[in-house]
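In this note's numbering, the protein residues as written are 399 to 836.
Each residue gets a CB set at the ideal place from its N, CA and C atoms; glycine is no exception.
Remember, predicted model here, so these are calculated numbers, not experimental data.
Structure, as structure tokens:
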Ligand SMILES: Cc1cc2nc3c(=O)[nH]c(=O)nc-3n(C[C@H](O)[C@H](O)[C@H](O)COP(=O)(O)OP(=O)(O)OC[C@H]3O[C@@H](n4cnc5c(N)ncnc54)[C@H](O)[C@@H]3O)c2cc1C
């Protein structure tokens, strides 16, 4: 069993800690480590927040990467939790299936997807939990529990979106989505005002996927691009193409350009403007599965442009009636502080859930903010705005929320109550769970 320290701990590179990382090879080795008192399980450490980091010990599931069963006729796959999404896609797409909900990176593990209850671009049923049939979990008592919507339901409900705090997910069984083409029919439309944006969103009814990129906002105005997509319907008997993609590291030239242009208050505006122009110029009506769902994987190490301090991602769900107010407030704050978000993504949301899952109705706003001298002020600003507007934070990405925001909330109290039954010793714990006193 290999171990390592001084490793990149999360995708945003914003954690300063040097825990030991252990890579068990099999269940026997895993059970032995679980006898320890204090650790967290990690998948591929692609989370933006601090939920896969324990300051002492991280148990990586990278060596648990077997596909256990793939029923090609029913579209059901069962795999160990360390299998990466890219490897699942390589197997299932050519057999005419895809994952029904995917995050914006294919370099995530199945266990990480389940524990963070990932969402994607889906217009409806936008949480992986809708498609999970069964899980096998190793608890802190070293028992293996099989759970599903009908068996040990309390384990099932609190493990999906449970941030690794209920136990180690050994394997997951997922119902896949039938497709008959690897291609996506895509439409990209520009919006120049809120009314324009809201009316474009009505197009959602004729698509399966939507996501919206914001170029600029503030003073009652908003500009950007709406992306819509649906699976191409090739009514032919041709076999579907293989899922293929290039794995490209950022070269020195692009690194320099991106670092300069995306880390400066004024240049970021120019970068976004240019991005919109280029997007319109090179817009493709049909894109591949990889191009549509994983544009952020274009450079597999783009996070390096944020340097040694990294960045943080804030994603939160605001009620429709406060959406414009909140956008104006953020823009005013950024303008005064000369701070900025390199990316702003907006997504309409209407999801049911419980505990600390990211669910509710309204608009999800997601921002990648470099960590710089304005970090503390930005963090305080966001925390007080979250409180004022009673927003729901996506905890799977969070690294800044104060526990005051949630300590009296029913969802939080119920999750803690459930954990007290399932993991009373809290052997599985992270910087995240300690920060929020879960
Ligand atoms: C470019 C990019 C785009 C992204 N886009 C999206 C998006 O659109 N939507 C979205 O929801 N997320 C998105 N994410 C975040 C990412 O999809 C999730 O954080 C995912 O969970 C990371 O998986 P991982 O294997 O790296 O998990 P890790 O980061 O290693 O762990 C994540 C959590 O899962 C737990 N965990 C991992 N494996 C296990 C296990 N076997 N048993 C128990 N707990 C476990 C960890 O303890 C931790 O709490 C994106 C990330 C990147 C880098």
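Can you give me the C-alpha to C-alpha distance between residue 421 and residue 454, rounded to a whole angstrom?
Taking the first residue of the chain shown as 1, we reach residue 421 at position 23. Taking the first residue of the chain shown as 1, we reach residue 454 at position 56. If I take the Cα positions, the gap works out to 14 Å.
Could you give the C-beta distance for residue 695 and residue 505, rounded to a whole number, given that I count them as a contact under 8 Å?
Numbered from 1 along the chain shown, position 297 holds the residue referred to as residue 695. Numbered from 1 along the chain shown, position 107 holds the residue referred to as residue 505. Residue 695 to residue 505, Cβ: 7 Å. Contact.
Close Cβ partners of residue 831 (< 6 Å) along its chain, the five nearest in sequence each way excluded:
Along the chain shown, one-based indexing puts residue 831 at 433. Same-chain partners within the cutoff: 563.
With 16 other Cβ atoms within 10 Å as the buried cut-off, status of residue 693
Taking the chain shown and counting its residues from 1, one reaches residue 693 at position 295. Exposed, by the Cβ-count rule.
Please state whether DSSP places residue 538 in a helix, a strand or coil.
One-based indexing of the chain shown puts residue 538 at position 140. It is coil, neither helix nor strand.
Any heavy atom of ligand 1 inside 6 Å of the beta-carbon of residue 514?
In the chain shown, counting from the first residue as 1, residue 514 sits at position 116. Because some heavy atom of ligand 1 lies under 6 Å away, the Cβ of residue 514 counts as near it: yes.
Would you tell me roughly how many angstroms separate the C-alpha atoms of residue 499 and residue 511, rounded to the nearest one?
Against the chain shown, residue 499 aligns to sequence position 101. Against the chain shown, residue 511 aligns to sequence position 113. Rounded to whole angstroms, residue 499 to residue 511 spans 10 Å at the Cα level.
Report the option in 448, 487, 467 whose CA atom is closest to the CA atom of residue 503.
Residue numbering aside, residue 503 sits at position 105 when the chain shown is read from its first letter. Of 448, 487, 467, the residue nearest in Cα terms is 487.
Using the beta-carbon count (16 or more within 10 Å), is residue 577 buried or exposed?
One-based indexing of the chain shown puts residue 577 at position 179. By the neighbour-count rule (16 or more Cβ atoms within 10 Å), residue 577 is buried.
Mind checking which residues open and close the alpha helix (DSSP H) that includes residue 689?
Along the chain shown, read from residue 1 onward, the residue named residue 689 stands at position 291. Its alpha helix (DSSP H) spans residues 687-691.
Taking the alpha carbon of residue 738 as the point to measure from, which residue in 750, 418, 718, 776 has its own alpha carbon closest?
Indexing the chain shown from 1 puts residue 738 at position 340. The candidate whose alpha carbon is nearest that of residue 738 is 776.
Could you spell out where the alpha helix (DSSP H) holding residue 721 opens and where it closes?
If you number the chain shown from 1, residue 721 lands on position 323. First-last of the alpha helix (DSSP H) with residue 721: 721-735.
For the alpha helix (DSSP H) containing residue 518, list its first residue and its last residue.
As a working mapping, residue 518 is identified with position 120 in the chain shown. It is not in any alpha helix (DSSP H) - residue 518 carries neither H nor E in the DSSP assignment.
What residue does the beta strand (DSSP E) around residue 510 start on, and which one ends it?
Start at 1 with the first residue of the chain shown, and residue 510 comes out as number 112. Taken as a continuous stretch (DSSP letters only), residue 510 belongs to no beta strand (DSSP E), being part of the alpha helix (DSSP H) at 508-513.
CB contact check: residue 418 to chain D, cutoff 7 Å:
Absent from the structure is chain D; it holds one protein chain and no more.
Report the option in 471, 476, 451, 508 whose CA atom is closest to the CA atom of residue 492.
Indexing the chain shown from 1 puts residue 492 at position 94. The residue with the shortest Cα to Cα distance from residue 492 is 471.
Distance, residue 618 Cα to residue 460 Cα
In the chain shown, counting from the first residue as 1, residue 460 sits at position 62. In the chain shown, counting from the first residue as 1, residue 618 sits at position 220. Spanning the alpha carbons of residue 460 and residue 618 requires a straight line of approximately 47 Å.
Helix, strand or coil at residue 577 [DSSP, three-state]:
As a position in the chain shown, residue 577 is number 179, starting the count at 1. Note: residue 577 maps to coil in three-state DSSP.
From the DSSP output, in three-state form, read off residue 404 for me.
Translated into positions along the chain shown, residue 404 becomes position 6. Residue placement at residue 404 is poorly supported in this model, since its pLDDT is 47, which falls under 50; the coordinates are not used for a value here.
I need the DSSP call for residue 658, collapsed to helix, strand or coil.
By one-based count along the chain shown, residue 658 stands at place 260. Note: residue 658 maps to helix in three-state DSSP.
Take residue 446 and list the residues in its own chain whose beta-carbon comes closer than 6 Å to its own, dropping the five residues that flank it on each side.
As a first step, residue 446 is located in the chain shown; it is residue number 48 there, counting from the start. The residues are 409, 410, 711, 795.
Report yes if the C-beta of residue 845 is less than 6 Å from at least one heavy atom of ligand 1; otherwise report no.
Outside the displayed range of the chain (399 to 836) lies residue 845, so it cannot be described from this structure.
Is residue 426 near ligand 1, going by C-beta to nearest heavy atom under 6 Å?
Numbered from 1 along the chain shown, position 28 holds the residue referred to as residue 426. Residue 426 Cβ: outside cutoff for every heavy atom of ligand 1.
Find out if the Cβ-Cβ distance for the pair residue 690, residue 616 is shorter than 7 Å.
Here residue 690 refers to the residue found at position 292 of the chain shown. Here residue 616 refers to the residue found at position 218 of the chain shown. No. Outside cutoff.
beta-carbon residue 545 near ligand 1 non-hydrogen atom, thresh 6 Å
Translated into positions along the chain shown, residue 545 becomes position 147. For ligand 1, not one heavy atom lies less than 6 Å from the Cβ of residue 545.
Would you kindly work out how many angstroms separate the C-alpha atoms of residue 713 and residue 745, rounded to a whole number?
If you number the chain shown from 1, residue 713 lands on position 315. If you number the chain shown from 1, residue 745 lands on position 347. In this model, residue 713 and residue 745 are separated by some 10 Å (Cα to Cα).
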